[in-house]
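In mature numbering (1 follows the signal peptide of the UniProt record, and there is no 0), the protein residues as written are -17 to -1, 1 to 207.
One structure is given here, and the rest of the page talks about it.
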Amino acid sequence: MKTALVMVSLLWLGGCAANGGPAQWLAALPGGEASCGKLDSAQDLALSAADDMIADGRPHAALAHLEEMPANLVQVRVRKAKVLRILGSSEAQPLFQSLLGGCMAAEGEHGLGLIAAARGDNVQAQQHLQRAMRLTPTDEKIRNDLGVVYLHQGLLEKARFEFLTAIELKDTDRLAAVNLVTLLLYQDKFQQAADLVSRFGLSAAQFSEAQARADQLKPVNGRS
């Protein structure tokens, strides 16, 4: 049961991607660089290239490019941490911890929350993600991921609130919408789920994914 819960979490979290998983579930890096010092044009271009590689599902290539850049740059460190987490490396956690207390503390808390969720520790994941949310309350990815953790804890109203907040913050990002459809299907609120699918123009594949996740949740949480 615990293994199944961890696998479901890996698919749902906005910043999470299992090796070989669909690229559309890989969230972009949160913002926050403006307060961390300005990069020169070459560094900015190199980071943009690394971001594109991450989004394209090429984390190994992204890491290789990041390793060419100065390790003391916090913008480089946060991306290395993200890539290493995607690759399942234990080196990700200390990198995220090194961001705490600085200009990218929210990204540090977010990453630590995702690591905790991936190992099935929803209590610690909730603590990290709540701190991340308080630091950057308008980051839709953090709100979505906190909603997923709440859902796995059976805190359905809190999960619904976070998914709705994420959707309203960025209605072009379909991840939170798919997760909200999952929650509605889990609660057997089929008409509301259908209405949401229509409202956001979700694909048949996205609906099927939401249905599969709802089905997985029921035996995991012991609900009917």
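Glycine included, each C-beta is placed from N, C-alpha and C at the ideal position.
None of these values were measured; they are calculated from a predicted model.
- With a minimum length of 4 residues, the unbroken runs of alpha helix (DSSP H) contained wholly in the stretch 111 to 174 fall at 123 to 135, 139 to 152 and 157 to 169.
- Per the C-alpha coordinates, the member of Q174, A177, A160 and F146 positioned closest to Y133 is F146.
- Boundaries of the alpha helix (DSSP H) around S24: S24 to A38.
- In the DSSP annotation of this structure, E74 is not part of any alpha helix (DSSP H), being labelled neither H nor E.
- Residues I150, L179, F183 and L185 of the same chain have their beta carbon placed closer than 7 Å to that of A160, with the five preceding and five following residues left out of the count.
- Distance from the CA of E123 to the CA of F173, rounded to the nearest whole angstrom, comes to 25 Å.
- For A187, the closest alpha carbon among the candidates L83, M87, V164 and F144 is that of V164.
- If you draw a straight line from the Cα of L112 to the Cα of S24, it is about 32 Å long.
- E92 places its beta carbon 8 Å or farther from that of V61.
- P77 and Q189 have their alpha carbons spaced roughly 34 Å apart.
- The C-beta separation of M116 from R126 comes to about 6 Å, placing the pair in contact by the 8 Å criterion.
- With contacts defined by Cβ atoms closer than 8 Å, E74 and L83 do not form a contacting pair.
- Assigned with DSSP and collapsed to three states, A101 falls in helix.
- Measuring C-alpha to C-alpha distances from L95 to each of G85, Q109 and Q194 identifies Q109 as the nearest.
- Selection L152, A177 and A197 evaluated against Y169 yields A197 as nearest (Cα-Cα).
- Contact between A29 and M36 fails: their C-beta atoms lie close to 11 Å from each other, not under 8 Å.
- Cα atoms of G137 and L167: separation of roughly 13 Å, rounded to the nearest angstrom.
- The alpha-carbon of A176 is positioned some 42 Å away from that of A47.
- Taking T148 as the centre and dropping the five residues before and after it, the same chain places the C-beta of R126 closer than 6 Å to its C-beta, in chain order.
- For T119, the closest C-alpha among the options K141, M87 and I98 is that of M87.
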